[in-house]
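What follows is one structure encoded as structure tokens, with my remarks underneath.
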Amino acid sequence: MGQMTYRENLKGEKVSLLGYGMMRLPSKSDNPDEYDQEMINKQVDYAMEHGLNYFDTSPAYCRGLSERCTGIALHRHKREDYYVATKLSNFNPQTWSREASIEMYHNSMKELQVDYIDYYLLHSIGSGGMDNLHSRYLDNGMLDFLMKEREAGRIRNLGFSYHGDIKVFDYLLEHHDEYKWDFVQIELNYLDWDFANEINGNNTDARYLYAELQKRGIPAVIMEPLLGGRLANLPQYLVKELKQRNPEKSVASWAFRYAGTPEGVLTVLSGMTYMEHLKDNLLSYCPLVPLTEEETEYLHKDIAHKIVGLENIPCNDCKYCMPCPYGVDIPGIFVHYNKCKNEGMLPHEVGDNEYRKHRRQYLISLDRSIERNRQADHCIGCGQCQPHCPQNIRIPRELRKLSDMVEQLKRSMDGF
């Protein structure tokens, strides 16, 4: 306690380097569809006891319940002891009107039980391109409205989060003198630094995003330091490499130290479902031991290059694609596939002698991880999920490929 590293925002306020992303909240063990408010309260209390004071949520998170759960947990503390960030998540065209967007804004205050919001964001600008930006924020006058709310003090800091079309990011920064962004939220980690665009042609390398913010002196809030857990669940040969360099530190700690080291980073968000995640991440920032130039170069040149070669599905388990109207567990399927690929469990990646055993292991692990009526073969290709994916994954196509693979395995196993 008392060791948290803090960074100052443009007003000189101290923000904890570790921010709590309220996107992956713990569920009750006996009912996965119900969030465990008692555990949420406990983890928020523990975080604040150890100096964490930044909590990030959205009307879109946790099936629309994140703001409510966050508000219940934070309302038990003094208002001046925490900063809360939320977003105008008006993704659905039905919420693009000025009236519907203002209603969403006011509802956020109601759910969070606050009369002002410390950090308010235009949510995921870039998705849908310039037309989407105009429809959601410019043509309906919402950005003007939010700037006036900032003047009135009901919004203390105004910013945006970015995924997608770089033209939108550049446009908003080109108009920084008009909008006066207090912060911008970007995806930054040691894989996305140079390889975000190579992995997915719709994404932008973090090196460019960070440099553009630094030019203008805009603080950066970092999301996806672990890429939805992918940088914490590396193949064993990469885990061994990192452990040899620092046996006492977790694999995840490398990614958190990387994200927290650059100048201009205000806070690094982590969606911490379990108490052990929270405790480990606190160790990374209580206090931060910045990466050396040699360590940074090692992550760029050695680890990141090898991860790119894995060719995983770039799913960050954000669950923006959910719920699926047909019950498909889209992120669960992708996370399971990536995990099996990283651990060498995919049947087509092993020798002939091991092929049958791996076929069976993969199918058993799939059924244990994903209920059968929620697996990829239940996707009808409606495409409702795809516009919501920040990583621009062609979700129906990927699900069809995985469904075909599983079907081939089952046939080869004589009716598994």
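Residue 401 in the working numbering is what sits at position 225 of the sequence shown, and the numbering runs on without skipping anything.
For each residue, glycine too, the CB sits at the ideal point set by N, CA and C.
Computed from a predicted model, the values in this text were never measured in an experiment.
Query: Just mark S608 as buried or exposed, buried being the case when its beta carbon has 16 or more other beta carbons within 10 Å.; Result: No statement about residue 608 is possible, as the shown extent of the chain runs from 177 to 592 and does not include it.
Query: Secondary structure at P269, three-state DSSP: helix, strand or coil?; Result: helix
Query: Sorted by chain position, which residues of the same chain lie with C-beta nearer than 6 Å to D528's C-beta, five sequence neighbours on each side aside?; Result: Note that D528 scores a pLDDT of 47, beneath 50, so its modelled location is shaky; the value from the coordinates is reported in the next line. Here the set comprises nothing.
Query: Out of E275, D346, E363 and P401, point me to the one whose CA is closest to W128's CA.; Result: Outside the modelled stretch of the chain, which goes from 177 to 592, sits residue 128, for which no answer is possible.
Query: Quick check: the Cα distance between R406 and N492, rounded to an integer number of angstroms?; Result: 7 Å
Query: Just to confirm before moving on: does the CB-CB distance between F336 and I301 stay below 8 Å?; Result: yes
Query: Compute the Euclidean distance between the alpha carbons of L334 and K254, then round it to the nearest angstrom.; Result: 22 Å
Query: Among S303, K416 and S273, which has the Cα closest to the Cα of L314?; Result: S273
Query: Quick check on the burial criterion: 16 or more other C-beta atoms within 10 angstroms. Buried or exposed for P395?; Result: buried
Query: Helix, strand or coil: how does DSSP classify Q179 here?; Result: coil
Query: Could you check whether V582 and L542 sit closer than 8 Å to each other, using their CB atoms as the reference points?; Result: yes
Query: Taking Cβ positions, are V444 and I489 nearer each other than 8 Å?; Result: no
Query: What whole-angstrom Cβ distance do A382 and L364 have, given they're in contact under 8 Å?; Result: 4 Å
Query: Could I get the ranges of all uninterrupted beta strand (DSSP E) runs contained in the stretch 425 to 493, with 3 residues as the minimum, in chain order?; Result: 441 to 446
Query: When DSSP labels each residue in this structure, what does M198 get in the three-state scheme?; Result: coil
Query: Near P466, which residues of its chain fall below 8 Å by C-beta distance, leaving aside the five closest residues on each side in sequence?; Result: R433, G436 and T437
Query: Entirely within the stretch 281 to 331 and at least 4 residues each: give me those alpha helix (DSSP H) ranges in chain order.; Result: 305 to 309 and 318 to 327
Query: To the nearest angstrom, report how far apart G503 and L575 are at their CA atoms.; Result: 13 Å
Query: Is E519 near Q420, with beta carbons less than 8 Å apart?; Result: no
Query: With a CB to CB cut of under 7 Å and the five nearest residues on each side skipped, what residues in its chain are close to L442?; Result: R183, N185, V191, F359, P395, A396 and V397
Query: Which of helix, strand or coil does DSSP assign to V344?; Result: helix
Query: May I have the straight-line CA-CA distance separating F592 from K586, to the nearest angstrom?; Result: Unreliable positioning characterises F592 in this predicted model, as indicated by a pLDDT of 48, which lies under 50. The coordinate reading is nonetheless provided below. Those two C-alpha atoms are separated by around 5 Å.
Query: Looking at C-beta atoms only, is the number of pairs between the stretch 288 to 307 and the stretch 245 to 254 that lie closer than 8 Å three or more?; Result: yes
Query: Can you tell me whether Q567 is buried or exposed? The criterion is at least 16 other CB atoms within 10 Å of its CB, across all chains shown.; Result: buried
Query: Looking at the secondary structure, which residues open and close the beta strand (DSSP E) in which D232 lies?; Result: Y230 to D232
Query: Does DSSP put T380 in a helix, in a strand, or in coil?; Result: coil
Query: So what's N518 in DSSP terms, helix, strand or just coil?; Result: helix
Query: Please report how far the alpha carbon of A236 lies from the alpha carbon of M198, in whole angstroms.; Result: 11 Å
Query: What would DSSP say about N217, mapped onto helix, strand or coil?; Result: helix
Query: Determine whether the beta carbon atoms of L201 and Y461 lie at a separation below 8 Å.; Result: no
Query: Across which residues does DSSP place I398 in a beta bridge pair?; Result: I362 and V444
Query: Should G479 go down as buried or exposed, given a rule of 16 or more other Cβ atoms within 10 Å for buried?; Result: Residue identity differs from the one stated: residue 479 is Ile in this sequence, not Gly. By the neighbour-count rule (16 or more Cβ atoms within 10 Å), I479 is buried.
Query: Can you name the residues that DSSP bridges to A261?; Result: D232 and Y295
Query: Check this for me: beta carbons of W369 and H476, under 8 Å apart or not?; Result: yes
Query: What is the DSSP secondary structure of G335, reduced to helix, strand or coil?; Result: strand
Query: May I ask you to report which of helix, strand or coil DSSP gives P411?; Result: coil
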